[in-house]
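Colleague:
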Amino acid sequence: MMMDPTKDTRSVFPGARVLEFSKDSFLNANITDRKTEELVYTIRSVTGLAVNGIRVVLSAVDGGRSDEVANFVKGAFFKGDKISFRGGEPMKAKQWMHDNTFYDPDAKEASADRSKYSWLRDPETLKDIALFKNDGDEPIAWFRPSVRSVELWPATLIVHPDAFALQDIILASLLVAVQTTRARDSQGQGLAQAMPFMQLTGGGVM
672 MMMDPTKDTR SVFPGARVLE FSKDSFLNAN ITDRKTEELV YTIRSVTGLA
722 VNGIRVVLSA VDGGRSDEVA NFVKGAFFKG DKISFRGGEP MKAKQWMHDN
772 TFYDPDAKEA SADRSKYSWL RDPETLKDIA LFKNDGDEPI AWFRPSVRSV
822 ELWPATLIVH PDAFALQDII LASLLVAVQT TRARDSQGQG LAQAMPFMQL
872 TGGGVM
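Each residue of the sequence shown is one higher than the one before, counting from 672 in our numbering.
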């Protein structure tokens, strides 16, 4: 049986949820569930703000209703990056995520055993990145850049069944990791090298 070259044949963990990006951008994109083909998230941004820099809003979509999940502002002119969750009070982004390691903002405040999660480059592919829980040996999510085959295989976020409850936060963390890594590392190291296509500027609302 011949393989369909137009179909994304990259392996997926059994039972995992696959979210597909409509375009290679963490500024403006629609995100759909591959299995149901339903729109589940949107990313929208306002760029080039003279004072505030870039504002990026991640929203969850359910039955046509859109609810803000995270609001990230990449500051300009020495203003620090800030993030807020579901309309909550903004906090400094570096207090939530440092060196691509973050915590669940819904977890109890500053608990000594509060779980942390880290985005790391996948050693097997070098292009993908994987999310690990601080006390876990196996990834709970993977991000794969788009691949040009006969047709474009879209960028995807793959979420392990054990991490479904964290899906909103995983997407928010990925958004912040891309923006902060690309901005501070002009030489393309770290996660930025794994995702060279992700836009930091431009990209109008679809």
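Backbone N, C-alpha and C fix where the C-beta goes; we use that ideal spot for every residue, glycine too.
In terms of residue numbering, what span does the alpha helix (DSSP H) encompassing residue 764 cover?
Modeller: Residue 764 -> alpha helix (DSSP H) spans 764–767.
Colleague: Return helix, strand or coil for residue 884, following the three-state DSSP convention.
Modeller: It is not possible to answer for residue 884, since the shown part of the chain is limited to 672 through 877.
Colleague: Does the beta-carbon of residue 811, which I'm using as the reference point, lie nearer than 7 Å to any heavy atom of the ligand HEM?
Modeller: This structure does not include the ligand HEM; it has no bound ligands of any sort.
Colleague: If we ignore side chains and look at the alpha-carbon of each, how far apart do residue 745 and residue 807 end up?
Modeller: If you take the alpha carbons of residue 745 and residue 807, they lie about 31 Å apart.
Colleague: Specify, as a first and last residue, the run of the beta strand (DSSP E) that residue 754 falls within.
Modeller: Taken as a continuous stretch (DSSP letters only), the beta strand (DSSP E) holding residue 754 covers 753–756.
Colleague: Please state whether the Cβ-Cβ distance between residue 767 and residue 848 is less than 8 Å.
Modeller: Contact flag unset, no.
Colleague: Do the CB positions of residue 687 and residue 832 come within less than 8 Å of each other?
Modeller: Yes, Cβ-Cβ distance for residue 687 and residue 832 is below 8 Å.
Colleague: How about residue 726 and residue 740: do their beta carbons lie closer than 8 Å?
Modeller: Not a contact, by the Cβ cut-off of 8 Å.
Colleague: Counting only runs of 3+ residues fully inside the stretch 774–852, write out the beta strand (DSSP E) ranges in chain order.
Modeller: Runs of the beta strand (DSSP E) inside the stretch 774–852: 787–792, 800–804, 812–815, 827–830.
Colleague: Taking residue 733 as part of the beta strand (DSSP E), name the residues at either end of that continuous run.
Modeller: From DSSP, the beta strand (DSSP E) with residue 733 extends over 724–733.
Colleague: What residues in its chain sit with their C-beta under 7 Å from that of residue 709, if we drop five residues either side in the sequence?
Modeller: Closer than 7 Å at Cβ, skipping near neighbours: 703.
Colleague: Bridge partners for residue 691 per DSSP, in chain order?
Modeller: Answer is 703, 827, bridged to residue 691.
Colleague: What's the call for residue 742, buried or exposed, on a 16-neighbour Cβ count within 10 Å?
Modeller: That one is buried.
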